[in-house]
Every structure is written in C-alpha cells, then in structure tokens.
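Read left to right, the sequence shown gives residues 8 to 171 (this note's numbering).
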Amino acid sequence: MATTPQASGYLAPSGAVVFPRQLPLSREEAWAAVTDPARTARWIGSWSGDPASGTVEMTMSAEEGSPAETVGVLRCEAPDLLVVRIGPDGWVVTVRIEGDDDEVTISLEQDIADSESASDIGPGWDFYLDRLVEAEAGRDPETLRFSPDYHPALADHYRALLGG
C-alpha cells in the first residue's frame, strides 16, 4: 500500500459505524473474498467448521497470539449480505456487498458502544479492510503495520466520531 492509511469509518443514520471499501470485483468475487476460507486466510484469518451449522471457528491472522474466535452466522444472503456475531464480546458485524460486474463496495458495519471502544475498533477494521484490498490486488497484506500506522494514528477520528 503506497499511501498513508486513512480513517474510512462514518456514522450511519442507524448509529452503526460503516467502513466501506471499493474493489474492482464482481459481487460473486467479493462474496468469495469475505466467505471463502482460502481467501479470508490472506487478509483476516482462516476459519473451519460448517457455516450451515450456525458457527465456525476463526483464527485471526494479524492478532497477537492468533486467537481463535467463535463466529456465529446470524444471516447469510449470498452474494449481498452476511451478519455474524464474533467472539466472547458478541460483536455483531454486518457485511454488505453492493455493485455490479465491474466494481463493488464492501461495507462492514458495527454498532460500537462508546468513543474509547471506537478508538480501538475503528482502526482495527480499517487495517483489516486495507489488508483485504491488498490481498485482492495480489499484493502482500503483511506489509501493512497496525501499529503505529493504524493505531494510534486513526484513533482520534473514531473517538471523535462517537463523541469522545
């Protein structure tokens, strides 16, 4: 990634923080990028299990110690919408894919409780979504550095977004 990371999150009318990324993919390719375990392993982590059972185990690739998290599949409408519950904190994350055969917007949405949480969570989602962009462009996502490029660099944007 040749540019300095930018805070992309904005507050939607619903109160959720939305993190959009545009990619030169079809909706089906974008869906595979966020659901196929071989593709997710390149940017966020590998997962195992049967999504039809309602849960999978995901191992985050860029987290210290690579912790495994239980991910509950709450809603799945390929190739447009995926809603999951992540880990012991029960984060509900919505992934929306909109666009056509040439370009899509992948938007990740999360309700974030307070400005201090946002100052950590927001930079994290920007980091992972930039890793997605790098992976889908055929570049190495490992070249991105969470600290200090995303956190603390982007923390103030998200703190202010939620009134902190």
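Quick reminder that beta carbons are idealized off the backbone N, C-alpha and C, glycines included.
Query raised in the report: Given 8 Å as the limit, is there contact between the stretch 14–33 and the stretch 97–117, that is, 3 or more CB pairs closer than that?
Result: yes
Query raised in the report: Does the separation of the CB atoms of Ala-142 and Trp-38 fall below 8 Å?
Result: no
Query raised in the report: Roughly how far, in whole angstroms, is the beta-carbon of Gly-52 from the beta-carbon of Thr-66, given that I think they are within contact range, below 8 Å?
Result: 5 Å
Query - Span separating the alpha-carbon of Leu-169 from that of Ala-85 - result: 31 Å
Report task. List the endpoints of the continuous alpha helix (DSSP H) containing Gly-131. Result -> 122–143
Report task. Would you identify the three-state DSSP class for Leu-88, choosing helix, strand or coil? Result -> strand
Query raised in the report: Roughly how many angstroms lie between the CA atoms of Cys-83 and Leu-89, to the nearest whole one?
Result: 5 Å
Query raised in the report: Based on Cα-Cα distance, which residue from Arg-146, Thr-101, Gly-171 lies nearest to Ala-19?
Result: Thr-101
Query - 7 Å Cβ shell around Asp-57 - same chain, five flanking residues per side excluded - result: none
Query raised in the report: Looking at C-alpha atoms only, which residue of Asp-87, Asp-147, Pro-95 is the closest neighbour of Val-111?
Result: Asp-87
Query raised in the report: In terms of alpha-carbon separation, which member of Asp-108, Val-78, Ser-122, Ile-104 lies closest to Val-95?
Result: According to the sequence displayed, residue 95 carries Pro and not Val. Looking at the Cα atoms, Val-78 is the closest of the given residues.
Requested in this report: Can you give me the Cβ contacts of Phe-153 inside the same chain, cut-off strictly under 6 Å, excluding the 5 residues immediately before and after it?
Outcome: Phe-134
Query raised in the report: In terms of residues, what are the limits of the alpha helix (DSSP H) holding Arg-49?
Result: 44–50
Query - Three-state secondary structure (DSSP) of Arg-146 - result: coil
Query - Cutoff 6 Å; reference His-164; Cβ partners in own chain excluding five residues on either side - result: Ala-14
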